[in-house]
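The sequence shown begins at 1 in the UniProt record's numbering and counts up one residue at a time.
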Amino acid sequence: MTTVRLTAAQAMVRWLANQQAEDGSRFIEGIWAIFGHGNVAGLGEALQGARDVFPTWRGHNEQTMAHTAIAYAKAQKRRKAMAVTTSIGPGATNVVTAAALAYVNRLPLLIIPGDVFANRAPDPVLQQVEDFADGTVSANDCFRPVSRYFDRITRPEHILTALPRALRVMTDPAECGPVTLAFCQDVQAEAYDYPESFFAPKVWRIRRPEPDQAELAEALAAIKAAKAPVIVAGGGVVYSGAEAALASFAAEHGIPVVETQAGKSALEHDHAMNFGPVGVTGSSSANILCEGADLVIGLGTRFQDFTTGSWSLFKNPARRILAINVQAYDAGKHGAMSLVSDARVALERLGAGLTGLRFAAPDAALKVEWAAAKAAVKAAPAAGNQLPTDMQVVGAVQRASTPATIVMGAAGTMPGELHKIWDAAQGGYHMEYGFSCMGYEIAGALGIKMARPDADVVCMVGDGSYMMANSELATAVMMGIPFTVVITDNRGYGCINRLQKHTGGAPFNNLLDDAYHVNPSAIDFVAHAASMGARAVKAGSVAELEAKITEMRGGSVPSVIVIDTDPGPSTAAGGTWWEVGVPEVSVRPDVRAARAKFEEMKAKQSIDG
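The following block contains the structure:
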């Protein structure tokens, strides 16, 4: 057996550089790194030596550079991914939030945090978290509950098994998610005689599981027996590459499609069978169909509470759920009939068994009425001094968009409004709403643009999320990666302030004026973005915003446009109930009234399938 003597870190980097996606490119496109004493001398030195074959990028915050990697993987439909390395201690724990985001959203991310010394000789080392009762614990154990696979590299030969296991998980369509390989810092620098065969290039293919024949027969029987079926399209449609198959299946059989946050843009917004967004942030057209459906066909969705209206949306007493999902856990929720399968394969097999079956066309007036409702809230405001609404801002961005535009966001007002009223081209929508993580937006836009350099990426972010994490704007400037950022400044957390008031609460601690302060907040977002090297301007009106988006598109660095908005209004049309706990006891009449409404809706909830 031919061997080569390398440090464990050198061997890891060499192996990662030789792992290929199905198109022959690197599956792990590169690595984001912030160095410290836990990885600079070992993994950092190895990355420096391999920088021509395995790129290393430097971020400004461990969490947000991981968000960039996650957005890249999402935009690549999980066909490629990135890695992240940090030092031990706070550098590692900063990534835990991003790991949770990737875990919830089922997105591949390779996390390689430095760890304490395996030999324990210098214990306790700088930044070591000591467990008085367990000598094997380190700060990296925080990753265990938010990793699909976790390993600690305590010997150099461990990577011979740990690395293949890691990529097996990241490329498995059912188990896909973040992997953590905690890399002890002394082991990174230790040498070992590795087999040359270990470094042979390997192609990682994403398998397409076929459905069980008994489950398939049951699904076909359920569809044939239905009178008013509806398809709830989730992110699994996109990750399967099943968009064309869904468009064809829905059109051929006359089954309307409604979209989750992750499934939005799987179909063109104007596809005849696309009846729009579903659930809490859904359209009236989609929700009316779901209320009357006797068969709810979940296609690649995990039936999150926003999709189901906390399981109050599907009101037909005869309704059944058919859950088509590559992950058996998701396919078996709420007493559903399971069809465990790749989404595209499932549509093909179902289509073959439904030849000639076509349901009565849904009422087209539902789409017309919802289109009118969207147009009304997105229309430019009349001239005047009144602050524009966030919906009017969305309208301006919509009118300035092109077929190449990808609109993206993550938390606060924008996910709800964009899900409801954005008219997405196929593939033109990217929302992180599984974890709804404030601070994902800027970093996410960078990752999307790296994955799809020809796209016109527009990041919609409120002032609250922008303040949470904006440092990768400087990274994008440094790397020469342009995208557009629209900051809606409503001076606080407008979305959660509306929820607070909706549940009977008094405005408190959300808008800046309602939070404790000695001096009023007066943040100059234009100056702030410009200080990091972005092209930054203030738009004084919706019309000016629309013009600035077109004018500033492209370039070599990000463009930031700030506009003041009214924190109060939201789109009243559409939507459905969402379960949020309201106090049973309160001295405030508004809270007691909200509790009565809560109890009324709670009685209509159906969670047993």
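Ideal placement from N, C-alpha and C gives every residue a C-beta, glycine not left out.
Excluding its 5 nearest sequence neighbours in each direction, Gly309 has C-beta neighbours in its own chain below 7 Å: Gly279, Val280, Thr576, Trp577, Trp578, listed in chain order. By the Cβ-count criterion, His517 is exposed, with fewer than 16 other Cβ atoms from all chains shown falling within 10 Å of its own Cβ. Distances from the alpha-carbon of Gly444 to those of Val40, Leu6, Gly36, Tyr72 put Tyr72 closest.
Comparing alpha-carbon positions, the option among Gln398, Ile561, Ala506 lying closest to Val461 turns out to be Ile561. Annotation for Val232: the continuous beta strand (DSSP E) segment containing it runs 229 to 233. Counting only runs that start and end inside the UniProt domain "Thiamine pyrophosphate enzyme central" (216 to 350), the alpha helix (DSSP H) elements of at least 4 residues fall at 235 to 240, 243 to 253, 284 to 292, 305 to 308, 328 to 331.
If you look at Ser465, you'll find it in the alpha helix (DSSP H) that goes 463 to 468.
For Gly409, the beta-bridge partners assigned by DSSP are Met431. Residue pairing by DSSP places Trp57 opposite Trp32 in a beta bridge. For Pro113, the enclosing beta strand (DSSP E) starts and ends at 109 to 115.
In the three-state reduction of the DSSP assignment, Arg358 falls in the coil class, being assigned neither a helical nor a strand state. Note on Met1: under 16 other CB atoms within 10 angstroms of its CB, so exposed under the neighbour-count rule. Just so you know, the alpha carbons of Gly555 and Asp131 end up roughly 51 Å apart. Non-local C-beta neighbours of Ala245 in its own chain, meaning closer than 6 Å and more than five positions away in sequence, comprise Arg344, Leu347, ordered along the chain.
Within the segment 51 to 95, complete alpha helix (DSSP H) segments of at least 4 residues are found at 62 to 75, 90 to 93, given in chain order. Around the beta-carbon of Leu126, fewer than 16 other beta-carbon atoms lie within 10 Å, marking it exposed. In terms of Cα proximity to Asp115, the closest of Pro164, Pro173, Gln48, Val40 is Val40. As DSSP reads the structure, Ser559 sits in a beta bridge with Thr484, Arg535.
Inter-segment contact for the segment 476 to 485 and the segment 448 to 460 is present: three or more beta-carbon pairs are separated by less than 8 Å. Only residues of its own chain outside the window of five on either side were considered, and among them none has a CB closer than 6 Å to the CB of His528.
Ranking Pro173, His334, Gly177, Asn119 by CA distance to the CA of Val146 puts Gly177 first.
Ranking Met273, Ala331, Leu101, Ala536 by CA distance to the CA of Phe359 puts Met273 first. For Cys437, the three-state secondary structure derived from DSSP is coil. Proximity to Lys602 across Asp330, Ala371, Leu313, Asp566 peaks at Leu313, based on C-alpha coordinates. In the DSSP annotation of this structure, Pro164 is not part of any beta strand (DSSP E); the continuous alpha helix (DSSP H) holding it starts and ends at 159 to 170. Between Arg319 and Met337, the beta carbon gap of about 12 Å keeps them out of contact (Cβ cut-off 8 Å).
Each of Pro164, Thr475, Ala11, Ala383 was checked against the Cα of Asp193, and the nearest Cα belongs to Ala11.
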